[in-house]
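Residue numbers (our numbering), protein chains in the order written: chain A, 2 to 190; chain B, 23 to 236. Report on one structure; see the data block that follows.
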């Protein structure tokens, strides 16, 4: 084996040794170290009821064991999104407050509970993540335009019905008064 | 303009319900003093519907998006019926769309209903202060003032309450800056609601003047 063959063999052995030691998950180059690990992140999306994102809103996260002291603070991005990674050892309901210009809200996110595994966990396989996305889209978007239209229509019809009912009542009342006035005039005549 | 759940502390919400209860009692007493208390119910029901829908009509005024309130219009046209009408409209908005909330129903009724009562009084000034003017000028002028003032006072109450009740968990400076920005966006809306109120009362005066409170 010549010198070149020994060098190639050495590199192959070194790389196989490195992969067996778990170095394949790290990329080392000129002092830059990039690592990755799976975590359970939660993304919230804040919108006005018109669908406009609540951008640059202040966000405060409270852990289940201390609901009075902020666990994390931040702001939403231009799309109204905010991502945080809860401590998996603190199971229970994590509270997230969002506020901007007197508008905002409070939401509770279960972490480590049975409901969380179906709804919130972000470390699910890709097919389950699709289900999670659809869950969020249903809850964040709220009512469909048809549902909203039916609700507005029903309220308007209730108000119009009330107006018609009392109009009839007032009409009868005024006609009774007219009748009594006519009778009074006839009796006087 | 609607205060959501969890924005204000409990003592403010309880105070809001107390003031709303007093205002409702005052309005119902004034209604009961009338010769026929049910006479104003039809127009109150129709304007409740208008108030309910108005919060869904958004106007983009940079840097924010604001929506109609119409509490000044309700005050001018309904008089003492305005506060109960706004209370019912807010209840439907909270239950149906989540605008505001049930815990904040009282304080929201105060924010929008009390200025409506003031707007009703301003609209009555057309007989005392505005009697030197021509009737149609006086009607339009005080209709405008009623509509604009109703929204203006409501906006001041809203921003005053939110600025003075910023939780310590949030950055007060950032929140105040955002609130001032939204407050500025309501100044053009005051003009829009004032003009709209003047147009409505002018129309009612020409078509059916008995609908306006005398």
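Glycine is no exception: its CB is placed at the ideal position from the N, C-alpha and C atoms. What you are looking at is a predicted structure, and each value in this text was computed from that prediction instead of being measured.
{"Asked": "Does residue 47/A come out as helix, strand or coil in the three-state DSSP assignment?", "Found": "coil"}
{"Asked": "My output table needs one value for residue 106/A: the three-state DSSP class, helix, strand or coil.", "Found": "strand"}
{"Asked": "For the segment 65-77 of chain B, which residues have a CB atom closer than 7 Å to at least one CB atom of chain A, in sequence order?", "Found": "67, 68, 70, 71, 74, 75"}
{"Asked": "Could you tell me the distance, in whole angstroms, from the CA atom of residue 100/A to the CA atom of residue 67/B?", "Found": "34 Å"}
{"Asked": "Suppose you measure from the CA of residue 191/B to the CA of residue 197/B; what does that come to, to the nearest Å?", "Found": "11 Å"}
{"Asked": "Grab me the residues of residue 69/B's own chain with a C-beta within less than 7 Å of its C-beta, minus the 5 sequence neighbours each way, in chain order.", "Found": "96, 99, 100, 107"}
{"Asked": "Going by other Cβ atoms of all chains shown within 10 Å of its Cβ, with 16 needed for buried, is residue 58/B buried or exposed?", "Found": "exposed"}
{"Asked": "Quick check: the Cα distance between residue 26/B and residue 129/B, rounded to an integer number of angstroms?", "Found": "10 Å"}
{"Asked": "Check whether the segment 78-87 of chain A and the segment 34-54 of chain A touch, using three or more Cβ-Cβ pairs below 8 Å as the test.", "Found": "yes"}
{"Asked": "Specify, as a first and last residue, the run of the alpha helix (DSSP H) that residue 80/A falls within.", "Found": "It is not in any alpha helix (DSSP H) - residue 80/A carries neither H nor E in the DSSP assignment."}
{"Asked": "Locate the beta strand (DSSP E) running through residue 96/A, then write down its first and last residues.", "Found": "93-101"}
{"Asked": "Are the segment 198-209 of chain B and the segment 100-111 of chain A touching, with three or more C-beta to C-beta distances below 8 Å?", "Found": "yes"}
{"Asked": "Can we say the segment 40-47 of chain B touches the segment 148-155 of chain B, given the rule of at least three CB pairs closer than 8 Å?", "Found": "no"}
{"Asked": "Leaving out five residues before and five after residue 72/B in sequence, what residues of the same chain have Cβ atoms less than 7 Å from its Cβ?", "Found": "92"}
{"Asked": "How is the alpha helix (DSSP H) around residue 36/B delimited, first residue to last?", "Found": "32-55"}
{"Asked": "Which bits of chain B does residue 98/A rub up against, with CB to CB less than 9 Å?", "Found": "28, 189, 191, 192"}
{"Asked": "Please report the straight-line C-alpha distance between residue 158/A and residue 226/B, rounded to a whole angstrom.", "Found": "22 Å"}
{"Asked": "Are any of the Cβ atoms in chain B nearer than 7 Å to that of residue 64/A?", "Found": "no"}
{"Asked": "Is the Cβ of residue 63/B closer than 7 Å to any Cβ of chain A?", "Found": "yes"}
{"Asked": "Starting from residue 149/B, follow the beta strand (DSSP E) in both directions and report where the run begins and ends.", "Found": "Residue 149/B -> not in any beta strand (DSSP E); alpha helix (DSSP H) instead, spanning 127-150."}
{"Asked": "So, under 8 Å CB-CB, residue 76/A and residue 60/A are touching, yes? Tell me the CB distance rounded to an integer number of Å.", "Found": "6 Å"}
{"Asked": "Compile a chain-ordered list of the residues in the segment 192-219 of chain B whose CB is closer than 8 Å to at least one CB of chain A.", "Found": "192, 193, 196, 197, 200, 201, 203, 204"}
{"Asked": "Might you give, ordered along the chain, the residues of its own chain that have their beta carbon closer than 7 Å to the beta carbon of residue 122/B, omitting 5 neighbours on each side?", "Found": "24, 25, 26, 112, 115, 116, 130"}
{"Asked": "DSSP has residue 59/A in a bridge; who is on the other side?", "Found": "76/A, 100/A"}
{"Asked": "Answer with buried or exposed for residue 57/A, where buried requires no fewer than 16 other C-beta atoms within 10 angstroms of its C-beta.", "Found": "exposed"}
{"Asked": "In whole angstroms, what separates the C-alpha of residue 231/B from that of residue 127/B?", "Found": "33 Å"}
{"Asked": "Out of 89/A, 67/A, 66/A, 163/A, which one is the CA nearest neighbour of residue 42/A?", "Found": "89/A"}
{"Asked": "With C-beta atoms as the reference, is residue 137/B less than 7 Å away from residue 175/B?", "Found": "yes"}
{"Asked": "Of the residues that make up the segment 77-108 of chain A, which ones have a beta carbon closer than 9 Å to any beta carbon in chain B?", "Found": "98, 100, 101, 102, 103, 104, 105, 106, 107"}
{"Asked": "Leaving out the 5 sequence neighbours to the left and right, which residues in its chain are closer than 6 Å to residue 62/B when beta-carbon positions are compared?", "Found": "103"}
{"Asked": "Any idea what DSSP makes of residue 33/A, helix, strand or coil?", "Found": "strand"}
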